[in-house]
Amino acid sequence: MFAAERRQLILEMVRANGAVSLRELARVVQTSEVTVRRDVRALEAEGLLDRRHGGAVLPGGFTRESGFPQKSHLATAEKTAIADLAANFVEEGEAIVVGAGTTTQELARRLARVPGLTVVTNSLLVAQALAHANRVEVVMTGGTLRGSNYALVGSGAEQSLQGLRVSRAFLSGSGLTAERGLSTSNMLSASVDRALVQAAAEVVVLADHTKLGTDTMFQTVPTDVITRLVTDEPPTHDDRAQTELQALADQGVQIAVAGASGSQGGDEVPARRARSVPGPRRAAPAGLRSAVLGEPVPASERARVADLRRR
């Protein structure tokens, strides 16, 4: 593919999605990340896009929200790795809330195997992923359907969450920074996410590395409210994502990092390696299962972690 054709395709992808990682661009145009980075620099010089934290975004500050069809094809391997690791933080018999998003949808597919679980959600996609799980109870909020992400929003959704109390919330978003925390591009979605947070004793954010350092219009979860971040391993050249991770850890957010294996999705994937980022540790409820932080885990999980440490 000639450089002009490649750059035109890159530009079309960014215009369609608002933000795309270098890794995803390289996969689509079938070239190396080094070549894509050079193309992105050339397009930035023409004012057609902006480079941002290991990827490219539309020019002009805040990124806009992508629709579900575009999001579902972005960072698929990373989302799979994050979902695999995040599922380890859910106990049998728990009551949790799961917000809308393609990453939380991946998580929901894994939660179908957790017996006695109660999941409260405003996402039709999360509910669909759990619809045939006979040992999982799904509770939907009320509200108005927002078609771009198949989520229920508005006052009906928020009112249905009043008085609710669960152990933890699993949320995604459009961007995450140490300064502002989790944010999204839509006001209605942000308002419902804040209501979900109010219902939970702990907040777990699921965000792939392309969202680290990205800031969008509406704050949903301030950094000091986030208990844990589950993310993937940023590329070695992405210094800004690494810096953002450390800044989040320094503010007391527990960081669990899943290593992406290159799989492009699917319910069954190989075991992932995990690491933690050092930082002040916040108190966690007794019995919380964590292969990353060294808390009590089942025997099968202990054996898997021991095997990973020997490698």
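Everything in the sequence shown is counted per this note's numbering, starting at 147 for the first residue and increasing by one. C-beta: ideal position from N, C-alpha, C; glycine also.
With distances taken between CB atoms, is the gap from residue i to residue j smaller than 9 Å?
| i | j | result |
| --- | --- | --- |
| Val350 | Leu375 | yes |
| Pro381 | Leu168 | yes |
| Arg326 | Asp361 | yes |
| Arg256 | Ala223 | no |
| Ala202 | Leu171 | yes |
| Glu283 | Ser337 | no |
| Thr356 | Ser335 | no |
| Gly359 | Thr389 | yes |
| Arg340 | Ile242 | no |
| Val403 | Thr373 | no |
| Gly239 | Leu263 | yes |
| Asp396 | Ala324 | yes |
| Leu204 | Leu352 | no |
| Arg184 | Arg197 | no |
| Ala258 | Ala273 | no |
| Ala233 | Val260 | yes |
Which of the three DSSP states, helix, strand or coil, is assigned to residue i?
| i | result |
| --- | --- |
| Leu276 | helix |
| Gln365 | strand |
| Thr267 | strand |
| Val312 | strand |
| Ser329 | strand |
| Val338 | helix |
| Thr290 | strand |
| Val236 | coil |
| Leu157 | helix |
| Gly207 | For Gly207, the predicted structure reports a pLDDT of 49, less than 50, and the residue's modelled location is therefore unreliable. A value from the coordinates is still provided. In the structure shown, Gly207 sits in coil (DSSP, three-state: anything other than H, G, I, E or B). |
| Val243 | strand |
Say the cut is 8 Å; is the CB of residue i nearer than that to a heavy atom of the ligand NAP?
| i | result |
| --- | --- |
| Thr226 | Absence of the ligand NAP from the depicted structure is noted, as is the absence of any ligand whatsoever, leaving it without description. |
The beta strand (DSSP E) with residue i in it runs from where to where?
| i | result |
| --- | --- |
| Leu375 | 374-378 |
| Met286 | 282-286 |
| Val203 | 201-203 |
| Thr389 | No beta strand (DSSP E) contains Thr389, which is instead part of the alpha helix (DSSP H) from 385-396. |
| Val349 | 346-352 |
| Leu322 | 321-323 |
| Val260 | It is not in any beta strand (DSSP E) - Val260 carries neither H nor E in the DSSP assignment. |
| Val403 | 400-404 |
Buried or exposed: which applies to residue i, given that a residue is buried once 16 or more other Cβ atoms fall within 10 Å of its Cβ?
| i | result |
| --- | --- |
| Phe316 | buried |
| Glu158 | exposed |
| Gly289 | buried |
| Asp385 | exposed |
| Arg153 | buried |
| Ser301 | exposed |
Need the endpoints of the alpha helix (DSSP H) that residue i sits in, please.
| i | result |
| --- | --- |
| Ala172 | 168-175 |
| Val186 | 179-191 |
| Gly302 | 301-306 |
| Thr226 | 222-232 |
| Ala254 | 248-257 |
Inset, instruction - Would you check if the segment 240-254 and the segment 262-277 touch, i.e. whether three or more CB-CB distances between them fall below 8 Å? - result: The segment 240-254 and the segment 262-277 touch, with three or more beta-carbon pairs separated by less than 8 Å.
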